[in-house]
Structure formats: structure tokens, C-alpha cells
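Protein chains in written order, with numbering that gives the first Met the number 0: chain V, 0 to 200; chain Y, 0 to 200; chain G, 0 to 200; chain Z, 0 to 200. Ideal Cβ positions, reconstructed from N, Cα and C, are used throughout, including at glycine. From a predicted model like this one, the values you see are computed outputs, not experimental measurements.
Protein chains: 4
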Amino acid sequence: MKNTRLEAFSDAVFAVAITLLALDLPNRPIHSDRTLLSMLGAEWPHFAAYVVSFVTIGIIWVNHHEMLREAAHIDRSALLLNLLLLLAIVELPWATSVLATHLTQPDDGRLAAVIYAGSLLVMGAAFTLVHAYLLRDPRRRASRSIEGAQGVALRRNLAGILPYVLGCALAFVSPFLTVGACAMAAVYYAVHPRRQPDSSD
Amino acid sequence: MKNTRLEAFSDAVFAVAITLLALDLPNRPIHSDRTLLSMLGAEWPHFAAYVVSFVTIGIIWVNHHEMLREAAHIDRSALLLNLLLLLAIVELPWATSVLATHLTQPDDGRLAAVIYAGSLLVMGAAFTLVHAYLLRDPRRRASRSIEGAQGVALRRNLAGILPYVLGCALAFVSPFLTVGACAMAAVYYAVHPRRQPDSSD
Amino acid sequence: MKNTRLEAFSDAVFAVAITLLALDLPNRPIHSDRTLLSMLGAEWPHFAAYVVSFVTIGIIWVNHHEMLREAAHIDRSALLLNLLLLLAIVELPWATSVLATHLTQPDDGRLAAVIYAGSLLVMGAAFTLVHAYLLRDPRRRASRSIEGAQGVALRRNLAGILPYVLGCALAFVSPFLTVGACAMAAVYYAVHPRRQPDSSD
Amino acid sequence: MKNTRLEAFSDAVFAVAITLLALDLPNRPIHSDRTLLSMLGAEWPHFAAYVVSFVTIGIIWVNHHEMLREAAHIDRSALLLNLLLLLAIVELPWATSVLATHLTQPDDGRLAAVIYAGSLLVMGAAFTLVHAYLLRDPRRRASRSIEGAQGVALRRNLAGILPYVLGCALAFVSPFLTVGACAMAAVYYAVHPRRQPDSSD
Numbered sequence: 000m001k002n003t004r005l006e007a008f009s010d011a012v013f014a015v016a017i018t019l020l021a022l023d024l025p026n027r028p029i030h031s032d033r034t035l036l037s038m039l040g041a042e043w044p045h046f047a048a049y050v051v052s053f054v055t056i057g058i059i060w061v062n063h064h065e066m067l068r069e070a071a072h073i074d075r076s077a078l079l080l081n082l083l084l085l086l087a088i089v090e091l092p093w094a095t096s097v098l099a100t101h102l103t104q105p106d107d108g109r110l111a112a113v114i115y116a117g118s119l120l121v122m123g124a125a126f127t128l129v130h131a132y133l134l135r136d137p138r139r140r141a142s143r144s145i146e147g148a149q150g151v152a153l154r155r156n157l158a159g160i161l162p163y164v165l166g167c168a169l170a171f172v173s174p175f176l177t178v179g180a181c182a183m184a185a186v187y188y189a190v191h192p193r194r195q196p197d198s199s200d
Numbered sequence: 000m001k002n003t004r005l006e007a008f009s010d011a012v013f014a015v016a017i018t019l020l021a022l023d024l025p026n027r028p029i030h031s032d033r034t035l036l037s038m039l040g041a042e043w044p045h046f047a048a049y050v051v052s053f054v055t056i057g058i059i060w061v062n063h064h065e066m067l068r069e070a071a072h073i074d075r076s077a078l079l080l081n082l083l084l085l086l087a088i089v090e091l092p093w094a095t096s097v098l099a100t101h102l103t104q105p106d107d108g109r110l111a112a113v114i115y116a117g118s119l120l121v122m123g124a125a126f127t128l129v130h131a132y133l134l135r136d137p138r139r140r141a142s143r144s145i146e147g148a149q150g151v152a153l154r155r156n157l158a159g160i161l162p163y164v165l166g167c168a169l170a171f172v173s174p175f176l177t178v179g180a181c182a183m184a185a186v187y188y189a190v191h192p193r194r195q196p197d198s199s200d
Numbered sequence: 000m001k002n003t004r005l006e007a008f009s010d011a012v013f014a015v016a017i018t019l020l021a022l023d024l025p026n027r028p029i030h031s032d033r034t035l036l037s038m039l040g041a042e043w044p045h046f047a048a049y050v051v052s053f054v055t056i057g058i059i060w061v062n063h064h065e066m067l068r069e070a071a072h073i074d075r076s077a078l079l080l081n082l083l084l085l086l087a088i089v090e091l092p093w094a095t096s097v098l099a100t101h102l103t104q105p106d107d108g109r110l111a112a113v114i115y116a117g118s119l120l121v122m123g124a125a126f127t128l129v130h131a132y133l134l135r136d137p138r139r140r141a142s143r144s145i146e147g148a149q150g151v152a153l154r155r156n157l158a159g160i161l162p163y164v165l166g167c168a169l170a171f172v173s174p175f176l177t178v179g180a181c182a183m184a185a186v187y188y189a190v191h192p193r194r195q196p197d198s199s200d
Numbered sequence: 000m001k002n003t004r005l006e007a008f009s010d011a012v013f014a015v016a017i018t019l020l021a022l023d024l025p026n027r028p029i030h031s032d033r034t035l036l037s038m039l040g041a042e043w044p045h046f047a048a049y050v051v052s053f054v055t056i057g058i059i060w061v062n063h064h065e066m067l068r069e070a071a072h073i074d075r076s077a078l079l080l081n082l083l084l085l086l087a088i089v090e091l092p093w094a095t096s097v098l099a100t101h102l103t104q105p106d107d108g109r110l111a112a113v114i115y116a117g118s119l120l121v122m123g124a125a126f127t128l129v130h131a132y133l134l135r136d137p138r139r140r141a142s143r144s145i146e147g148a149q150g151v152a153l154r155r156n157l158a159g160i161l162p163y164v165l166g167c168a169l170a171f172v173s174p175f176l177t178v179g180a181c182a183m184a185a186v187y188y189a190v191h192p193r194r195q196p197d198s199s200d
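Set out below in C-alpha cells:
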């Protein structure tokens with residue numbers, strides 16, 4: 000299979016998942032005696048979770064594209080590993096909604112934060128699996144890739160799992176810390192490119 | 000019509016349908032006195048059904064791409080048969096939701112399992128129809144295809160309908176067996192490629 | 000603008016709209032004392048409306064592709080007319096849902112049928128507008144198009160509006176006749192190609 | 000990154016967001032003693048808001064395409080600024096729904112109108128940011144672009160923010176004036192092309 004078809008399908012899944020995030024933004028008050036302003040204020044976790052998840056999926060999309068550009072040959076195993084990654088992407092709107100709905104509740108908030116950081120952890124792990132598989136065999140690497148740069152990228156992938164492990168652990172202290180850790184991870188990956196700026200772009 | 004436009008439209012439909020599966024994952028308890036954990040535990044069929052349907056649609060997408068690659072010429076009849084296949088794909092999120100909602104209920108569970116396995120059966124039958132039509136006429140086959148390999152693929156398609164016939168029958172014993180049969184079919188098609196590994200990929 | 004970008008955007012809108020149709024398929028009984036079977040039986044208009052709208056949007060997608068292939072040059076006016084067509088496509092899932100929800104109700108059924116056939120009428124009129132605009136100026140026509148065939152296609156477009164005018168009128172006799180007229184129109188356009196089979200395909 | 004992949008992802012996000020607008024169109028009466036006609040009449044803001052938002056997103060899509068065509072080189076910063084634009088696009092169905100739900104309510108209507116015009120303002124500002132970044136560095140400009148035309152385009156972008164500032168201010172007089180200002184902005188940008196008609200199209 001050529002990269003283009005896999006890219007097109009993955010792009011569409013990323014695009015639908017990132018757009019479905021907005022379905023969770025609150026509109027109608029549950030209690031009818033509230034004003035729109037007080038409802039929006041009380042439901043603030045939905046807006047915070049929307050931004051964090053949107054940026055996270057957006058960054059993963061950018062990295063996904065850079066990863067596929069390095070790959071010369073997509074075989075059936077790579078397709079199936081990529082499906083595993085998409086399985087984790089597609090459930091992020093659900094995990095985002097669970098987090099936003101339960102964040103301010105005393106006990107459910109912790110579980111919701113573990114579910115959210117855990118979902119991002121599974122996504123990061125699946126991304127690393129696809130990446131490691133594509134780089135293992137020289138035949139699957141594009142000729143222009145530099146071996147050293149790939150080692151760096153792979154180590155960065157593994158490091159990309161750590162904030163979400165931390166996010167899961169922090170949920171037992173406070174679910175708000177989990178959201179903060181996931182938000183900082185998104186900002187970090189947005190600012191720091193995975194590849195050296197001097198590589199062919 | 001060139002294959003690319005049909006591929007692009009089919010890819011988008013596959014991508015939207017696979018992403019809509021996650022809309023059925025449970026978030027809010029129906030009874031407000033339940034914790035998030037007990038709700039998620041009670042609603043486990045939604046997660047199981049999500050994974051089985053996701054993998055099934057994903058595999059069908061991979062096979063759909065391999066099928067179109069073999070076709071040299073897409074005419075209007077092929078387009079209409081492909082629409083029939085997409086009609087079956089698009090209603091899978093609904094069938095998945097019906098299965099997950101009613102699986103643990105004594106009587107409705109059986110009907111829900113028949114609807115689910117029956118939907119997959121219709122999808123498999125539509126896939127076989129498109130495939131058989133594209134292979135019938137040599138002008139519709141790409142030159143690099145080998146006649147023998149196509150016969151194998153077609154027999155495999157027909158065999159791909161059997162687990163879903165079995166799944167419909169098993170619903171009368173237990174709807175859980177139906178889910179198991181559909182899950183095993185997904186795993187089987189994921190592991191066993193439709194084409195020989197030595198063919199040009 | 001090259002045709003490809005307009006095709007890609009239109010394809011995605013068609014694909015999302017056709018997939019959202021399935022969100023209206025019924026799952027949970029409104030009255031909890033009903034079985035799944037009796038609920039599905041009572042809600043049959045949702046399944047009928049799903050199939051008619053799916054086939055209609057599918058056929059329009061096929062015809063939309065054939066129309067763009069004839070066009071050599073897409074200017075800003077063509078883009079805006081195409082947006083008008085997409086505006087009509089995007090609201091079809093809503094019109095389908097209104098039809099299915101109210102079809103069996105004595106008074107609301109007639110209005111729902113007029114809304115449904117009227118939506119298809121607007122879609123057909125918008126399609127004809129885009130087509131007529133693209134064919135008016137020879138510079139916007141692809142060189143391989145034959146003038147005679149285009150006249151035939153345009154007359155067919157105009158004829159394609161008639162069943163929906165009839166569908167609106169029939170709603171005052173019975174909304175079921177409206178659904179029948181729209182279903183027959185879909186079957187007719189599926190079977191009869193817009194272009195001669197001997198043209199370059 | 001080549002423009003094509005960014006275009007494909009942005010197109011898909013635009014297409015999903017524009018199609019999700021229709022999910023807000025009203026179907027079932029909230030009070031069961033109302034007829035379909037009286038319900039549709041009472042819920043007219045949903046239809047008005049649907050048309051204004053659809054045309055606005057459609058025009059932005061056309062302009063987005065024209066902007067990317069001028070860009071020769073997409074780097075990581077451009078990708079991130081484009082993600083910011085998509086973040087604003089994706090929340091428009093929510094802002095549209097908030098506007099339509101609360102427009103006719105005395106106090107909430109003003110806040111809803113500010114949220115709507117404010118969302119369009121953020122979208123316009125993000126568009127201008129992406130455009131300004133792509134034009135700042137000559138290496139990011141396609142060779143065929145004329146410097147003068149770009150200055151015009153940029154001034155037009157900045158002017159494109161003004162109606163939404165006005166829309167926010169008008170909300171304190173009447174939310175209906177806000178909708179009118181946003182509708183007129185959409186019509187204005189639809190009729191007036193951003194680029195000269197004599198430029199290579």
C-alpha cells in the first residue's frame with residue numbers, strides 16, 4: 000500500500016475525531032433556573048478539556064505525518080498497528096467528555112482523570128509501536144532518513160509516554176494536576192519539534 | 000471514473016463511520032446515585048462492542064483498498080454496488096449501539112445479537128458482490144493481477160460470510176456467543192492476509 | 000482552483016452527510032415497557048427514510064463527480080453555487096429525521112413530507128444551477144465534452160426536479176406517496192446513467 | 000510538509016464542521032402539545048443561524064484554499080498557527096447552537112450573540128495570523144505571487160475582523176443586529192473576491 004492512502008484514511012479519522020470534540024461543549028442549562036453565564040461558568044472543565052485534547056490530537060497529527068514521511072514501505076502489519084493507534088485516537092472525544100463531566104466531583108474526578116491520562120498513555124504507546132515497527136527494518140525506511148535522527152525520534156517517543164504516566168499518578172493527588180500535566184505535555188510537544196530544524200522539510 | 004475518487008469517498012465514509020462508533024461509549028449514569036466506576040462496569044458491553052466493530056471496519060477498509068487496487072476500471076454498476084456496501088458500513092454504528100444497549104437483557108439481547116451479526120453478514124455479502132463484479136470481466140481487472148490469486152480471494156470472501164451466519168444462529172443460544180464469533184472473525188481476518196505475502200505490495 | 004480541491008471538499012461533505020443519516024436510526028424505546036422488536040416495528044419509517052436518503056445522496060455524489068469531470072475551469076462563482084448545493088445536501092439528514100419522526104402522524108406527516116420533498120427539490124435545483132453555470136461558457140467546459148451530450152444532461156437535470164415537485168404535491172394526498180415518489184426517483188436515477196455508456200468513462 | 004497534506008486535513012475539518020451545523024436543526028417539539036409547524040416557527044433562529052454559519056465557514060474554506068496556494072513552504076510554525084485557526088472553526092457549530100438556542104431570550108440572548116460574534120472574531124484573527132506568517136518571509140511565498148496583491152489581501156484580512164468587532168458591540172443593543180452584521184459580512188465576502196479576477200486562477 001502506498002503511504003498516500005494510509006495518510007488519507009488517517010487524516011480523515013484525525014479530522015473527524017478532532018471535530019467531534021466540540022460536541023461536548025455545553026449549551027443548555029441542566030437546571031432551567033440558571034442563566035447562560037452561570038451555566039458556562041460552572042461547566043468550564045468542558046472548555047479546558049476541549050482545548051487540551053484539541054491541541055494534543057493536532058500535535059499527534061503533525062507527528063503522524065512526519066513519521067509516515069520517513070517510511071518507505073507500508074505493509075499489513077504497519078496498517079494493523081496504525082489501526083490500533085486510530086482506535087486510541089477515536090475514543091479521545093469520549094475520554095475528554097468523561098474528564099470534563101466528572102472533573103469537579105470528589106471521587107469520580109480521580110477516576111475520570113485516570114481514564115483521560117490513561118487514554119493518552121495508550122495513544123502514546125501505540126504511536127511508539129508504529130514508529131518502532133516502521134524503523135526496525137531498513138527496507139521500511141525512506142532512503143533520505145538519517146539513522147541517528149531516527150534514534151533521537153524513537154527516544155523522544157518513549158519520553159512522550161512519561162507525562163501521561165505522571166498524569167495517571169497525579170490523579171490520586173488531584174485530578175486538576177492531571178489536566179495540567181497533559182496540557183504541559185501538549186505545549187511541550189508543540190514548541191519542540193520532533194526532528195531537527197536543519198533536516199529536509 | 001478513476002479509482003482515486005471512489006477511494007477518497009469510500010475512505011471518508013469508512014473514517015466517519017469508524018469515528019462515530021465512539022459516540023456510543025457511556026459517560027453519564029442513567030441513575031444519578033451510581034458512581035462513575037459502577038456505571039462503567041455495568042455498561043461494559045459498549046466498550047466490547049466498540050472494539051469489535053472498530054477492528055471489523057478497520058479490516059474491511061484494508062481489504063477494500065486491496066480490492067480496488069486490483070480493479071482497472073470502475074463503471075457505474077461498480078459504483079452502485081459499492082454504494083450498497085457503504086450503506087451496510089454506515090449503519091454499523093447503529094447496530095453496534097443496539098447490540099451494546101440490549102446485550103445483557105434476556106429477550107432483547109437475542110434480537111440485538113441477530114441484528115448485529117446480520118448487519119455484518121449484509122456487509123460481507125455486499126463486499127463479495129462488489130468483488131465478484133470487478134473480477135468477472137477481464138477488462139475490469141488490473142493487468143498485474145494473477146487469475147489464480149483472484150479465485151483464492153473470492154473463495155475467501157465467500158468464507159468471510161460464514162462466521163456471521165454462525166453468529167446469527169448462535170444468538171438463539173446466547174448473544175454473548177455471537178459477540179465472540181464476530182470478535183474471532185475480526186481477529187482471524189486481521190492476522191490472515193487476503194493476498195499472498197509474496198505478491199507485489 | 001483546480002477541480003481536485005473542490006472534489007475533495009465536496010466528497011468529504013457528501014461522506015459526512017451520508018454517514019450522519021444513521022444517527023437517526025432508533026435504538027432505545029421511548030416507553031420502557033416495550034420490547035426491542037415492537038419498538039423497531041413502530042419506528043419503521045426511520046429505516047425506510049434512511050435507505051431512500053442514502054441512495055439519493057449516493058446518486059447525487061456519482062452525478063456530482065461526472066459533472067465536475069466535464070468542467071475544465073472552476074471559478075469563484077462556481078464555488079459559491081457549489082456551496083449552495085452543499086447547503087442543501089447538509090440539511091438532508093435533518094429533513095430525513097423530520098420525515099421519519101412525523102410520517103405516521105395525521106397532520107404533521109403532511110408537513111414533514113413537504114419538508115422532505117422540498118429539500119430534495121432545492122437540492123435538485125441547486126445541482127441544475129451549478130451544471131448550467133459550468134456549461135454556459137465554453138471556457139469552463141473540458142475539451143472532450145460533446146455539446147449534444149451536455150444538452151441531454153441539462154434536460155435530464157431539469158427533469159430530475161419534477162419528481163420532487165410531484166412529491167410535494169402528493170404530500171397533500173398522503174405523505175406515504177411522497178416517500179414512494181422520492182424512492183422511485185432514486186431508483187430511476189440509479190438505473191439510468193446521466194451520460195451515454197459509449198462516452199469515455 | 001507539502002501543502003497537499005495540510006490542505007487535505009484542513010478540508011476534512013472544514014467539511015465535518017460545516018456538516019455538524021445541521022445537527023442543531025430542530026426536530027421534536029419540547030412541549031408535546033405543539034404541532035410541527037408551530038415548533039418550526041418558534042425555533043426559526045436555528046435555521047437563520049445555520050445559514051449564516053454555513054456560508055461563513057464555506058467562504059473561509061474558499062479563502063483558506065487561496066491562501067495556501069500562495070504559500071510555497073509550510074513549516075511547523077505555520078502548521079501550529081493553522082491548528083489555532085481550526086480550533087476556532089471546530090467550535091463554530093457550538094457557538095451557532097448557543098446563539099440559536101438563546102437568541103430570543105432577553106438577557107441570555109446578548110451573551111449568546113457576543114459568544115457568536117466573538118467566535119467569528121477569533122476565527123478571523125487566527126486566519127490573519129496564518130496569512131501574515133506565510134507572507135512575512137519571501138521563502139514561504141510562491142514565486143507567482145505579486146507582492147502588491149499580497150499587501151491588498153492582508154489589509155482585507157484585517158478589515159475582515161471589523162464586522163465581528165461591530166457584531167460584538169451591537170449585541171448590547173440587540174442580538175438580532177449581531178446576526179445581521181455577521182450575515183452581511185458573509186454576503187460581502189462571498190460577493191467580493193479576495194484576489195483580483197485577472198490573477199491566475
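Distance, Cα to Cα, residue i vs residue j?
i        : j        : result
Z/Leu24  : G/Val12  : 17 angstroms
Z/Gly166 : Z/Arg135 : 30 angstroms
Z/Gly57  : G/Thr18  : 20 angstroms
Y/Ala125 : Y/His63  : 11 angstroms
G/Leu161 : Z/Arg4   : 41 angstroms
Z/Leu128 : Z/Ala77  : 9 angstroms
Z/Val190 : G/Ile59  : 27 angstroms
Y/Pro44  : Y/Glu90  : 18 angstroms
V/Ser52  : V/Thr95  : 7 angstroms
Y/Val121 : Y/Ala184 : 15 angstroms
V/Asp200 : V/His72  : Residue placement at V/Asp200 is poorly supported in this model, since its pLDDT is 37, which falls under 50; the coordinates are not used for a value here.
Z/Ala182 : G/Leu98  : 29 angstroms
G/Val54  : G/Gly159 : 15 angstroms
Y/Phe46  : Z/Thr177 : 44 angstroms
Please list the terminal residues of the continuous alpha helix (DSSP H) segment that includes residue i.
i        : result
Z/Asp107 : 107-135
Z/His64  : 43-69
Z/Pro162 : 161-169
Z/Val247 : Any question about residue 247 of chain Z goes unanswered here, given that chain Z covers just 0 to 200.
With a threshold of 7 angstroms between beta-carbons, can residue i be considered close to chain G, or not?
i        : result
Y/Leu82  : yes
Z/Thr127 : no
According to DSSP, is residue i part of a helix, a strand, or is it coil?
i        : result
G/Arg4   : helix
Z/Pro92  : helix
Y/Thr34  : coil
G/Ala11  : helix
V/Ile17  : helix
G/Leu102 : coil
Y/Arg75  : helix
V/Arg154 : helix
Measure from the alpha carbon of residue i to the alpha carbon of each residue in the options, then state which is nearest.
i        : options                             : result
V/Leu110 : Y/Thr127, Y/Leu39, Y/Val164         : Y/Leu39
Z/Thr100 : V/Asn81, V/Thr34, V/Val54, V/Tyr188 : V/Thr34
Y/Ala70  : Y/Ala131, Y/Ser173, Y/Tyr188        : Y/Ala131
Are any of the Cβ atoms in chain Y nearer than 7 angstroms to that of residue i?
i        : result
V/His101 : yes
V/Glu42  : no
G/Gly57  : yes
V/Ser277 : It is not possible to answer for residue 277 of chain V, since the shown part of chain V is limited to 0 through 200.
Are the C-beta atoms of residue i and some chain V residue less than 7 angstroms apart?
i        : result
Y/Ser198 : Bear in mind that the predicted position of Y/Ser198 carries a pLDDT of just 39, short of 50, making it unreliable; the figure below should be weighed with that in mind. No, no contact with chain V.
Z/Leu110 : yes
Z/Phe8   : yes
Y/Asn26  : yes
Y/Leu36  : yes
Against chain Z, does residue i count as a neighbour if the rule is that its beta carbon must be under 7 angstroms from one of theirs?
i      : result
V/Leu5 : no
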